[in-house]
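What follows is a single structure, written as structure tokens, with notes after it.
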Amino acid sequence: MLAAVLTSFRQSVIFVCYHFRLLCIKLVLHRKTIYEKAFLCGRKAIGTLVIRDLTRKITSKLFLVNKIMATNRTGAAQRPNGATQGKICQFKLVLLGESAVGKSSLVLRFVKGQFHEYQESTIGAAFLTQTICLDDTTVKFEIWDTAGQERYHSLAPMYYRGAQAAIVVYDITNQDTFGRAKTWVKELQRQASPTIVIALAGNKQDLANKRMVEYEEAQTYADENGLLFMETSAKTAMNVNDIFLAIAKKLPKNEQTSGQGGSAQGRRLAEGDAGAKAPGNCCK
Ligand SMILES: Nc1nc2c(ncn2[C@@H]2O[C@H](COP(=O)(O)OP(=O)(O)O)[C@@H](O)[C@H]2O)c(=O)[nH]1
Ligand SMILES: [Mg+2]
1 MLAAVLTSFR QSVIFVCYHF RLLCIKLVLH RKTIYEKAFL CGRKAIGTLV
51 IRDLTRKITS KLFLVNKIMA TNRTGAAQRP NGATQGKICQ FKLVLLGESA
101 VGKSSLVLRF VKGQFHEYQE STIGAAFLTQ TICLDDTTVK FEIWDTAGQE
151 RYHSLAPMYY RGAQAAIVVY DITNQDTFGR AKTWVKELQR QASPTIVIAL
201 AGNKQDLANK RMVEYEEAQT YADENGLLFM ETSAKTAMNV NDIFLAIAKK
251 LPKNEQTSGQ GGSAQGRRLA EGDAGAKAPG NCCK
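With UniProt numbering as the guide, the letters of the sequence shown map in order to residues 1 to 284.
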């Protein structure tokens, strides 16, 4: 009887152990499946994120390339060396005037759109270029910004000789600089090219409350001498682009005979030689 009970107990224990083992195996398998699923899901999620990120990067790169291409396409109409944009002319322009009237500041404003309250004084001369577009004509200015001091005066003819345009600058708050501007105009009329386009700039217009040169006085003088005239401010940018634009409009762009002391016309640039020092051919 006891033996029978023991056997049955043993069998029960074996049965329970067997099922417990099965349960454990099932549990382990189940956990493995969960882990695997989670792993797969994770991989899928990471993959999606990576792909989404890559797509975004590629799209933004493509957008950037498109933007650059579009900019180049729009810019092409204004480039000086395109074949389809009409005339391309290059003119030598010189700035003259007493020192500290704002010659360098005007050039800096026109070329770089900047103004420095403490502009360094020019030694000898400085050279910059700027291009502007007039309808079907691209005008490239080769700008010679001279030093105003008397000790550099002997160098001036080097810069205005062969120049097609000049801006004579005075400071509206200083009467002496207006007198000096008149002397420069006389010198240009005597010694520069007879066809030179001269503009008179009454600079520092933003300081009109300290004005010593009346607008009407300068306008009358300019009219009498056939000069373009504008009051400008390198500080506020007033009339800076306008004075260069007015000169560009007045410069002859048709083929003519060369004037004394240099060609009366700008140089036509061949394709690709925007900065080339070609002989004085005319615009066409
Ligand atoms: N308020 C004012 N100051 C100016 C203007 N243009 C130039 N200046 C200042 O005048 C000083 C002389 O300018 P600069 O360009 O060196 O004169 P430059 O010797 O004729 O070349 C600098 O301190 C400039 O900041 C202007 O339009 N308004
Ligand atoms: Mg200067």
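Glycine residues also receive a C-beta, built at the ideal position from the N, C-alpha and C atoms.
Item: Contact test: A147 Cβ vs ligand 2 heavy atom, cutoff 7 angstroms; Value: yes
Item: Extent of the continuous beta strand (DSSP E) to which T138 belongs; Value: T137 to T146
Item: Rounded distance between the beta-carbons of I196 and D227, thought under 8 angstroms; Value: According to the sequence displayed, residue 227 carries Leu and not Asp. That pair is no contact at about 11 angstroms.
Item: Beta-carbon gap between A218 and F229 smaller than 8 angstroms; Value: yes
Item: For K92, the first and last residue of its enclosing alpha helix (DSSP H); Value: Unbroken run through K92 is the beta strand (DSSP E), K87 to G97; no alpha helix (DSSP H).
Item: Collapsed DSSP secondary structure at T236 in the structure displayed; Value: coil
Item: Option in P194, A125, E224 and C133 with minimal Cα separation from A246; Value: C133
Item: Local conformation of G113 per DSSP, three classes; Value: coil
Item: Inter-residue CB distance, I172 and V107 (contact presumed, cutoff 8 angstroms); Value: 18 angstroms between Cβ atoms; not a contact.
Item: Near ligand 1: V139 beta-carbon under 7 angstroms from a heavy atom; Value: no
Item: Cβ-heavy atom distance, V213 to ligand 1, below 7 angstroms; Value: no
Item: DSSP three-state assignment for I172, whether helix, strand or coil; Value: coil
Item: Three-state secondary structure (DSSP) of M212; Value: coil
Item: Buried versus exposed call for T48 [16 or more other C-beta atoms within 10 Å across all chains shown]; Value: Confidence is the limiting factor: at T48 the pLDDT is only 47, short of 50, which leaves the residue's position unreliable, though a coordinate-based value still follows. Classification for T48: exposed.
Item: Between the CA atoms of T137 and I123 - distance to the nearest angstrom; Value: 33 angstroms
Item: Straight-line gap, residue 326 to N254 (C-alpha atoms, nearest Å); Value: Nothing in the structure corresponds to residue 326, since the chain is present only between 1 and 284.
Item: Backbone CA spacing between Y170 and E98 [nearest angstrom]; Value: 7 angstroms
Item: Integer Cβ distance of Y160 from L251, believed to fall under 8 angstroms; Value: About 15 angstroms; that fails the 8 angstroms criterion.
Item: Cα-Cα separation, G259 to N209; Value: A caution first: G259 carries a pLDDT of 35, below 50, which makes its placement in the model unreliable, though a value can still be read off. Cα to Cα, the separation comes out at about 42 angstroms.
Item: Three-state class that DSSP yields for E120 in the structure shown; Value: coil
Item: Proximity to Q175 [Cα-Cα], best of F91, L128 and G202; Value: G202
Item: Cα-Cα separation between Q164 and D242, rounded to whole angstroms; Value: 18 angstroms
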